[in-house]
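For the sequence shown, the residue numbers in the working numbering are 580 to 627.
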Amino acid sequence: MTTPIELEFWAEDKELANRVGKEVLAVFHQVDEQMSRYREESEVSRLN
């Protein structure tokens, strides 16, 4: 969707923070794949 994002959070446990950050970014990538107007295989493109 070509929308820049910035993820910022604090945690005392660095490993936990890295894991959570990766999981959140994976969700953003999944949404991008589903909703991108620029990907032929996306759900939005199939509707158009």
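Beta carbons are placed, not taken as given, at the ideal position from N, Cα and C, and that holds for glycine.
V606 and E622 have their C-alpha atoms some 16 Å from each other.
In the displayed model, A590 falls within coil according to three-state DSSP, outside both helix and strand. Scanning its chain for C-beta atoms nearer than 7 Å, with the 5 sequence neighbours on each side dropped, one finds around R616 the residues V623 and S624, in chain order. Secondary structure of S624 (DSSP, three-state): helix.
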